[in-house]
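Structure first, commentary second.
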Ligand SMILES: NC(=O)c1ccc[n+]([C@@H]2O[C@H](COP(=O)([O-])OP(=O)(O)OC[C@H]3O[C@@H](n4cnc5c(N)ncnc54)[C@H](O)[C@@H]3O)[C@@H](O)[C@H]2O)c1
Ligand SMILES: [Zn+2]
Ligand SMILES: [Zn+2]
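Residue numbers (the numbering used here): 327 to 710.
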């Protein structure tokens, strides 16, 4: 089958790989119909995630048709059209029981923090992902969800990560009626977080990035105020000034390890890899939130130590909350939001690209070319 193949930092290509097989009675094999490229894939692409092995296929956001099921699978059948949450979860462990599906204790033997994730290095379990024609789906009765007939396929694929992650970013912020919410990052996740902040009662939503076309997109889509941090003398001082020097009620980090804007953080986190990424946006979020406020972190960082102003966290009495989104927990209410038109995820998709052109697709998404917000790869069998 055709599959994306990681060859080392900034090098991915399309290759022929062996078809996946059922390895366990609870597995399914899914023929992929759509798979996205995510900001999380850029951490792998740039070589910042430990134990990302050459030969791995990325892709944790995908939809498909069930092609084959193991002998114990009962809830889905061959021919079902499914969307598959990016978290691989057993459904039974103590964490899954609390609906912490991103922290499953069974699906990732390599770590005690994150659970298994499709196509996300051996630190997330070593599973191959969906940027391919076929993918093996473990615990097939737990993750996959049959796509409602009325749902557009582009909406469906964004339910596997972008919509739940943006929503959970706002939810973890504990936003209350009348709050001012600042979202760092105008990628798909930040834009969706800004959109969802209104659902929790925000009175003012501000997005910070430095890519003009993304700021324009956020302004219209969220809708919100949006600012280029390069045009602000200091983003933290700007946020304080515009909130009567109190600070924002809630700050959301939707940037993560690849953040720009601080030479020191870039050197330590992106060039020398001495910390788990560049924590510039997180730093700004901590310093720009008001005393007693909440910083919600969905931006992904590596597992090693990272410089953040912990003294300010303590002295300001802040709450820091972060996690991988618990996709399965949120799906019922988010499917309803799409059905009723409260959320329109597919508007984020700017590029539909043949799977065979995966290498160009990564370059365009990574370099922020051609107005790219979100890219969907389409395998040959799903093109007409
Ligand atoms: N927790 C989860 O479950 C989860 C799920 C999906 C994605 N993520 C993470 O969310 C983050 C965003 O994902 P995405 O797909 O939107 O990525 P993306 O790369 O498309 O967007 C990130 C944006 O941040 C901007 N940026 C860079 N430095 C900045 C700074 N200092 N301040 C403000 N903006 C800055 C970039 O210009 C870019 O537009 C990534 O770290 C990704 O790994 C987390
Ligand atoms: Zn993703
Ligand atoms: Zn579990």
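Ideal Cβ positions, reconstructed from N, Cα and C, are used throughout, including at glycine.
Rounded to whole angstroms, what is the Cα-Cα separation between residue i and residue j?
| i | j | result |
| --- | --- | --- |
| residue 638 | residue 616 | 11 Å |
| residue 556 | residue 429 | 36 Å |
| residue 389 | residue 377 | 26 Å |
| residue 651 | residue 382 | 23 Å |
| residue 369 | residue 626 | 8 Å |
| residue 419 | residue 401 | 19 Å |
| residue 512 | residue 398 | 42 Å |
| residue 425 | residue 515 | 21 Å |
| residue 452 | residue 563 | 43 Å |
| residue 468 | residue 527 | 32 Å |
| residue 621 | residue 590 | 22 Å |
| residue 372 | residue 497 | 29 Å |
| residue 363 | residue 481 | 15 Å |
| residue 714 | residue 395 | Any question about residue 714 goes unanswered here, given that the chain covers just 327 to 710. |
| residue 645 | residue 660 | 26 Å |
| residue 550 | residue 345 | 45 Å |
| residue 417 | residue 569 | 43 Å |
| residue 618 | residue 506 | 14 Å |
| residue 440 | residue 675 | 27 Å |
| residue 423 | residue 414 | 14 Å |
Which residue comes first and which comes last in the beta strand (DSSP E) that contains residue i?
| i | result |
| --- | --- |
| residue 518 | No beta strand (DSSP E) holds residue 518; the alpha helix (DSSP H) holding it covers 514 to 525. |
| residue 680 | 675 to 680 |
| residue 689 | First-last for residue 689: 684 to 692, but that is the alpha helix (DSSP H), not the beta strand (DSSP E). |
| residue 412 | Element bounds for residue 412: n/a, residue is neither H nor E. |
| residue 576 | 574 to 579 |
| residue 507 | 506 to 510 |
| residue 461 | 460 to 463 |
Can you say whether residue i is buried or exposed, counting buried as having 16 or more other CB atoms within 10 angstroms of its CB?
| i | result |
| --- | --- |
| residue 342 | exposed |
| residue 404 | exposed |
| residue 365 | buried |
| residue 347 | exposed |
| residue 350 | exposed |
| residue 667 | exposed |
| residue 503 | exposed |
| residue 464 | buried |
| residue 567 | exposed |
Looking at the secondary structure, which residues open and close the alpha helix (DSSP H) in which residue i lies?
| i | result |
| --- | --- |
| residue 497 | 488 to 498 |
| residue 661 | 653 to 665 |
| residue 481 | 479 to 484 |
| residue 590 | 589 to 592 |
| residue 404 | It is not in any alpha helix (DSSP H) - residue 404 carries neither H nor E in the DSSP assignment. |
| residue 420 | 420 to 423 |
Next on the checklist: To test your reading of the DSSP string, which unbroken alpha helix (DSSP H) runs of 4 or more residues are found completely within the segment 329 to 397?
Outcome noted: 365 to 371
Checklist entry - If you scan the segment 609 to 647 from start to end, which runs of the alpha helix (DSSP H) of 4 or more residues do you find wholly inside it? => result List check, alpha helix (DSSP H) in window: 636 to 642.
Item to check | Continuous beta strand (DSSP E) assignments of at least 3 residues falling wholly in the segment 525 to 560 | outcome: Listed in chain order, they are 530 to 535, 551 to 554.
Next on the checklist: Please enumerate, following chain order, all residues with a beta carbon closer than 7 Å to at least one heavy atom belonging to ligand 3.
Outcome noted: 415, 416, 417, 418, 419, 421, 422, 430, 431, 432, 433, 441
Next on the checklist: Considering only heavy atoms of ligand 2 and the C-beta of each residue, which residues fall inside 6 Å, strictly closer?
Outcome noted: 364, 366, 386, 387, 412, 487
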